[in-house]
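Residue numbers (the working numbering): 82 to 455.
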């Protein structure tokens with residue numbers, strides 16, 4: 082298992098949130114009701130080496146937790162499974178004590194997975210955090226309310242929704258387009274470290290950080306439309322990652338070539354990974370790469386365009402975009418198809434990904450036939 086260097090210093094990484102140990106390391110269950118002074122000595126020994134990293138008062142607090150704060154996680158989780166009918170009673174506590182940060186659906190904080198999904202997949206961690214609060218945060222700890230309350234809270238959290246995969250893929254597609262715009266953060270002041278210094282946009286930092294700028298709208302990178310021209314970087318595409326484990330893709334996004342762990346929140350990384358794995362399409366199936374024309378029926382696409390798209394773009398595609406839609410769609414049909422599927426970053430444009438793919442190519446064909454001039 083790959084673990085970030087900083088995480089190797091977390092007690093939970095070796096001893097687990099069930100306190101029974103992991104990765105072959107012995108847990109701390111045997112230290113319950115031990116002398117805290119003796120536990121402090123263990124924390125300071127050569128094997129643990131927390132003497133310089135933790136203040137003396139923090140070592141005492143940690144020792145007191147090990148001695149007196151552990152709970153029987155397996156028993157509590159089994160109790161939560163049997164307490165489903167009573168979970169609603171914790172809904173009021175969640176709505177009043179927790180939702181101001183987490184939202185009523187438990188998915189407001191993009192730094193972490195949705196609470197519902199986390200509670201179902203990692204109940205030990207959720208119980209530990211519910212009882213003790215979150216490190217470095219202002220989250221209230223429920224320990225003094227008793228284990229029964231924590232059990233009911235876990236049971237309630239497990240009823241909350243998880244990641245909506247379709248919405249995640251669409252958001253990932255917008256992040257692939259321009260994550261700086263989609264996430265609402267400031268643009269990057271320095272070029273991406275992996276962007277070739279002699280490539281065309283090397284002096285436009287924001288452009289160099291866009292995924293599409295190296296990997297292309299057709300996702301083929303140096304094997305596709307970006308093999309030559311002002312967008313050429315020589316960098317390969319992402320087609321080989323279609324169907325890959327999103328967790329593996331997240332690791333790649335965080336590595337010392339991509340560096341997106343420093344600028345994107347957890348949920349944005351997950352959404353982008355879901356798009357790369359599950360959201361790519363074979364652009365050649367919708368666009369003839371030689372003629373750049375959509376493989377659709379413009380006549381059939383007219384009705385769909387006029388009812389779905391014209392409200393914003395106008396019947397002739399003259400509104401919203403800097404250039405007419407027809408000119409954009411003929412010059413770069415791959416970008417147009419990507420945006421039809423996923424929407425435009427930081428805009429209310431509907432994403433049509435879940436509509437029949439033939440309808441999508443029909444719409445693109447109709448757009449390519451709209452008038453050029455405003």
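The C-beta atom is built at its ideal place from N, Cα and C for all residues, glycine as well.
Remember, it's a predicted structure, so these values are computed and weren't measured experimentally.
Query: Is residue 317 helix, strand or coil when you go by DSSP?; Result: strand
Query: Which one of 290, 435, 146 has the shortest CA to CA distance from residue 246?; Result: 435
Query: If you count every other CB in all the chains shown that lies within 10 Å of the CB of residue 449, and 16 or more means buried, which is it?; Result: buried
Query: Do you know offhand how far residue 205's Cα is from residue 103's?; Result: 13 Å
Query: Do you know how far the Cα of residue 424 is from the Cα of residue 251?; Result: 7 Å
Query: Short of 7 Å in beta carbon distance, which residues of its chain neighbour residue 228, apart from the five on each side in sequence? Order them along the chain.; Result: 152, 157
Query: Per DSSP, what are the beta-bridge partners of residue 375 in this structure?; Result: 368
Query: For the structure I just gave you, are there three or more beta carbon pairs, one from the region 354-365 and one from the region 314-328, closer than 8 Å?; Result: yes
Query: Extract the residue ranges of the alpha helix (DSSP H) inside the region 270-326, only unbroken runs of 4 or more that lie entirely within it.; Result: 286-289, 292-296
Query: Please classify residue 90 as buried or exposed, where buried requires at least 16 other C-beta atoms within 10 Å of its C-beta.; Result: exposed
Query: Touching or not, the region 255-268 and the region 349-357, by the rule of three or more beta carbon pairs under 8 Å?; Result: yes
Query: Under 8 Å, do residue 302 and residue 287 count as touching if we go by C-beta distance?; Result: no
Query: What does a CB cutoff of less than 6 Å around residue 341 pick up in its chain, not counting 5 residues either side in sequence?; Result: 334
Query: If you measure between the beta carbons of residue 143 and residue 174, is that distance less than 8 Å?; Result: no
Query: Please list, in chain order, all residues of the same chain as residue 339 whose beta carbon is under 8 Å from its beta carbon, the five residues on each side excluded.; Result: 275, 333
Query: Can you have a look at residue 212 and say buried or exposed, based on whether 16 or more other CB atoms are within 10 angstroms of its CB?; Result: buried
Query: Measure the C-alpha to C-alpha separation of residue 395 and residue 298 and round it to an integer number of angstroms.; Result: 25 Å
Query: With DSSP run on the structure shown, which of helix, strand or coil describes residue 146?; Result: helix
Query: Please determine, among 366, 387, 371, the residue with the shortest C-alpha to C-alpha distance to residue 377.; Result: 366
Query: According to DSSP, is residue 349 helix, strand or coil?; Result: helix
Query: Tell me whether the beta-carbon of residue 258 lies closer than 8 Å to the beta-carbon of residue 129.; Result: no
Query: Output the boundary residues of the alpha helix (DSSP H) element that contains residue 414.; Result: 414-423
Query: When burial is assigned at 16 or more other CB atoms within 10 Å of the CB, is residue 309 buried or exposed?; Result: exposed
Query: For residue 383, tell me which candidate among 98, 446, 135 has the shortest Cα-Cα distance.; Result: 446
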